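S.K.: Each residue of the sequence shown is one higher than the one before, starting from 3 at the first, in this note's numbering.
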Amino acid sequence: SVTWAAAAAVPLAVWQAYVLGQSAGQRDVALPQPSAPRRVTAGSLAPFSALSDSAHRCDEWVANELAMILEAGMEEWQEKKHLWLLMKKWAMAEGGRVHDNLSFVEIYPGVGGVITTGEIPAEAVIVSIPKKLHVTKNTTKEASPLVDMVYRLPHMALRNSGVAAYLAREVEVLRTDPGGRWAPYIAWLKGKGLGHMPYFRSDEEKKWLDPSPEAYSVHRGQHWYSSDHAKIIHNFHRSCDGIPWCRAPIGEMPQATFVSMNMHVSSRSFSTPTGFAVVPLADDFNHAPKHAIAADWFYDTDIDHLTLQTTRDLREGEQITISYGTRSNAMLLSVYGFTVDPWEEPQFFYRIWRHKIPQQLPEAARSMAKTWALDDVDARLETDEKVEKDILDLLTGMDKLDIDSWTVMRDLLIGWRKQYEEDPMIKDLLEIWRSNQQLTLLTTVWWAPLRPTGDAA
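#1: Drop a sphere of 10 angstroms on the beta-carbon of Asn237, count the other beta-carbons inside from all chains shown, and report buried for 16 or more, exposed for fewer.
#2: Does DSSP classify Gln474 as helix, strand or coil?
#3: Based on the DSSP output, what are the partners of Leu308 in its beta bridges?
#4: Among Leu397, Gly195, Ala450 and Glu108, whose alpha-carbon lies nearest the alpha-carbon of Asp430?
#5: With DSSP run on the structure shown, which of helix, strand or coil describes Val137?
#6: Using 8 Å as the cut-off, can you tell me whether the segment 315 to 324 makes contact with the segment 168 to 182, which would need three or more C-beta pairs spanning the two stretches below that distance?
#7: Given a cut-off of 8 Å, decide if Glu216 and Ser336 are closer than it, judged by their beta-carbon atoms.
#8: Determine the contact status of Thr118 and Leu316, defining contact as a CB-CB distance below 8 Å.
#9: Count the other C-beta atoms from every protein chain shown that fall within 10 angstroms of the C-beta of Cys248, then say buried if there are 16 or more, exposed otherwise.
#10: Where does Ile245 fall in DSSP's three states?
#11: Taking 6 Å as the limit between beta carbons, can you name the residues of its chain near Phe278, skipping five residues before and five after?
#12: So, for Gln28: in the same chain, excluding its five sequence neighbours on each side, which residues have a beta-carbon less than 7 Å away from its beta-carbon?
#13: Check Tyr326 in the structure and name its three-state DSSP category.
#14: To the nearest angstrom, how far is the alpha carbon of Gly85 from that of Gly223?
#15: If contacts are defined as beta-carbon pairs under 8 Å, then Trp299 and Thr309 qualify, I think. What distance do you get, rounded to the angstrom?
#16: Classify Arg412 as helix, strand or coil using the three-state DSSP reduction.
#17: With distances taken Cα to Cα, identify the nearest neighbour of Cys60 among Leu176, Val149 and Ala294.
#18: Helix or strand or just coil, what does DSSP make of Ile252?
#19: Give a yes or no on whether the C-beta atoms belonging to Pro180 and Ala65 are separated by under 8 Å.
#20: Which ranges does the alpha helix (DSSP H) cover as unbroken runs of at least 4 residues, wholly within the segment 144 to 226, from first to last along the chain?
#21: Kindly list the residues whose CB is nearer than 7 Å to the CB of Leu68, restricted to its own chain and excluding five residues on each side of it in sequence; keep chain order.
#22: Can you pull the DSSP bridge partners for Thr118?
#23: Counting along the chain, where does the alpha helix (DSSP H) carrying Val342 start and finish?
#24: Let me know the secondary structure DSSP gives Thr398 once reduced to three states.
#25: Is it right to say Trp448 is buried, meaning 16 or more other beta carbons lie within 10 angstroms of its own, or is it exposed?
#26: Considering only the beta carbon of each residue, do Pro348 and Pro291 sit closer than 8 Å?
#27: Strictly by DSSP, which residues pair up with Gln321?
#28: Closer than 8 Å is the cut-off here; do at least three beta carbon pairs connect the segment 226 to 234 with the segment 149 to 160?
#29: For Ser3, count neighbouring Cβ atoms within 10 angstroms of its own Cβ and tell me buried if that reaches 16, exposed if not.
#30: What does the Cβ neighbour count give for Thr341, buried or exposed, with the cut at 16 atoms within 10 Å?
#31: In its own chain, which residues sit with a C-beta less than 6 Å from the C-beta of Ile122, not counting the 5 before and 5 after it?
#32: Is Ile428 closer than 8 Å to Tyr422 when the C-beta atoms are compared?
#33: Run through DSSP, which three-state label would His289 get?
#34: Run through the DSSP bridge pairs and tell me what Tyr110 is partnered with.
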């Protein structure tokens, strides 16, 4: 659902697009058989897993079917289809529910999504996954001591590095052991590409984000990921062979795999009563703005399931989308690596980030001189009707220091507007916006000329 387009300071909806697509359902195909199917038992596995008791292993039939899929040498999307079907069977065998009329297909080149293979009525449960299959800080701690060991390291930058390290390790373990606790899901994650994320884009493409705060986030993210990865490989042994005190080897731990797992956890987590949870199958549904979703999710505390339920009647071949929350395109790009079409963007925001102001807006910095006494300022003015707490805290802090908050906010907005007006990349779009203002003064439509009726062309 991603297009990496050249735009910078304009409201980041210019980074087109997330378009609700339609795709005909793919029919089931026969699973190619490897020449010599491998029978997997706990006793025959290489000793990579930190814990190998049955409580931390999937059923033998799951391991055997997974081994057959991985050894069959299928084409990429054929393998994805079979892995997704195996995850469905695995989840249902563990007490989950998955609607029969669901399939994972390629929606756009390189981008998958969940579609209906038949009609589904409104308010139908389409996916319901029990807590024991959720990947969380606590469940991964149960599976391997590595998780807690990583979280105990001082000065780690990222909150998900312990879980990410565990998942990265399990990706490697999967080569010889398809029987781990989340083995079908690990195999699925291994094949998920994150090349659309800003982190993995070229340096030239990253420059398109300058001078927005998102550019800083990308550059700092590279530092944070590298720092946490370096701490892990410099504190733990790659192998525990001959080291009696070694509790959990980290294996190869490639940085790219560690980063990918970290990004997956941070961008695909659901909020539950016990904290964040990455949930197999549930995390495969693409995003749409709230008004356009086909399903919504909730945590059922009565049975401890993460459940997805349709919001309307669905026809055959329709993509099922959920909402990742009310997010501006700048936030969608930073966290998920995609944007929605500008007319679908639910809100815009203006970010006040104190440490960037002196170098980018020196005039505004002078009016903010006293605010350096405040704690680190990272606040957002949003187009929602409500005022966020971070803005209220900023204004309250300025009042306590006898700072003219009106002057500060005015200087900031004027400074940023000047940068927009001087940006050659969005010159044509600004002309469209100014022309639209002649019809409707307060319009935010910049991507297309307005008709005399006030609607976008």
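Glycine included, every Cβ here is placed at the ideal spot set by N, Cα and C. These figures come from a predicted structure and were not determined experimentally.
M.R.: Looking at the coordinates:
#1: Here residue 237 corresponds to residue number 235 of the sequence shown, with the count starting at 1. Classification of Asn237: exposed, given that the 10 Å Cβ count is below 16.
#2: Residue 474 lies beyond the range of the chain shown here (3 to 459); nothing can be said about it.
#3: Start at 1 with the first residue of the sequence shown, and residue 308 comes out as number 306. Partner(s): Ile131 and Tyr301.
#4: For the purposes of this step, residue 430 is identified with residue 428 of the sequence shown, where counting begins at 1. Here the closest residue by C-alpha is Ala450.
#5: Numbered from its first residue, the sequence shown carries residue 137 at position 135. Val137 falls in the strand class under three-state DSSP.
#6: no
#7: Translated into the one-based positions of the sequence shown, residue 336 becomes position 334. Translated into the one-based positions of the sequence shown, residue 216 becomes position 214. Cβ atoms of Ser336 and Glu216: closer than 8 Å.
#8: The sequence position of residue 118 within the sequence shown is 116, counting from 1. The sequence position of residue 316 within the sequence shown is 314, counting from 1. In this structure, Leu316 lies closer than 8 Å to Thr118 by Cβ.
#9: Indexing the sequence shown from 1 puts residue 248 at position 246. With fewer than 16 Cβ atoms within 10 Å of its Cβ, Cys248 is classed as exposed.
#10: Taking the sequence shown and counting its residues from 1, the one referred to as residue 245 is at position 243. Three-state result, Ile245: coil.
#11: To locate residue 278, count along the sequence shown from 1; it is residue 276. Ser271, listed in sequence order.
#12: Residue numbering aside, residue 28 sits at position 26 when the sequence shown is read from its first letter. Per-residue confidence for Gln28 stands at a pLDDT of 33, beneath the threshold of 50, marking its modelled position as unreliable; no derived number is given.
#13: Along the sequence shown, read from residue 1 onward, the residue named residue 326 stands at position 324. Of the three classes helix, strand and coil, the one that applies to Tyr326 here is coil, per DSSP.
#14: In the sequence shown, the residue the question calls residue 85 occupies position 83. In the sequence shown, the residue the question calls residue 223 occupies position 221. Correcting the residue type first, residue 85 is Leu in the shown sequence and not Gly. Their Cα atoms are separated by approximately 31 Å.
#15: Counting from one through the sequence shown, the residue named residue 299 turns up at place 297. Counting from one through the sequence shown, the residue named residue 309 turns up at place 307. With 8 Å as the limit, Trp299 and Thr309 qualify as a contact, their Cβ atoms being about 7 Å apart.
#16: Taking the first residue of the sequence shown as position 1, residue 412 is located at position 410. Residue state, collapsed to three classes: helix.
#17: Sequence index remark: in the sequence shown, residue 60 carries index 58 (1-based). Nearest of Leu176, Val149 and Ala294 to Cys60, Cα basis: Leu176.
#18: Position 250 of the sequence shown, counting from 1, holds the residue named residue 252. Correct three-state label for Ile252: coil.
#19: Translated into the one-based positions of the sequence shown, residue 180 becomes position 178. Translated into the one-based positions of the sequence shown, residue 65 becomes position 63. Yes, the Cβ-Cβ distance between Pro180 and Ala65 is below 8 Å.
#20: 147 to 153, 163 to 175, 185 to 192 and 205 to 208
#21: Reading the sequence shown from its first residue, position 66 is the one you call residue 68. Hits under 7 Å: Leu88, Pro180, Ala185, Pro186 and Ala189.
#22: Taking the first residue of the sequence shown as position 1, residue 118 is located at position 116. Paired residue(s): Leu104.
#23: Position 340 of the sequence shown holds residue 342. Here Val342 belongs to no alpha helix (DSSP H), and DSSP marks it neither H nor E.
#24: For the purposes of this step, residue 398 is identified with residue 396 of the sequence shown, where counting begins at 1. Three-state result, Thr398: helix.
#25: The sequence position of residue 448 within the sequence shown is 446, counting from 1. Per the 10 Å Cβ criterion, buried.
#26: Counting from one through the sequence shown, the residue named residue 348 turns up at place 346. Counting from one through the sequence shown, the residue named residue 291 turns up at place 289. Yes.
#27: Here the question's residue 321 lines up with position 319 in the sequence shown. Bridge partners of Gln321: Ile117.
#28: yes
#29: Within the sequence shown, the letter at position 1 stands for residue 3. Residue placement at Ser3 cannot be trusted, given a pLDDT of 34 that sits under 50; the coordinates are not used to answer.
#30: Here residue 341 refers to the residue found at position 339 of the sequence shown. Its Cβ being crowded by 16 or more others within 10 Å, Thr341 is buried.
#31: Indexing the sequence shown from 1 puts residue 122 at position 120. Excluding positions up to five away in sequence, the list reads Asn103, Thr312 and Leu316.
#32: Taking the first residue of the sequence shown as position 1, residue 422 is located at position 420. Taking the first residue of the sequence shown as position 1, residue 428 is located at position 426. Contact: yes.
#33: Looking up residue 289 in the sequence shown gives position 287. Here His289 sits in strand by DSSP.
#34: Within the sequence shown, the letter at position 108 stands for residue 110. Answer is Val113.
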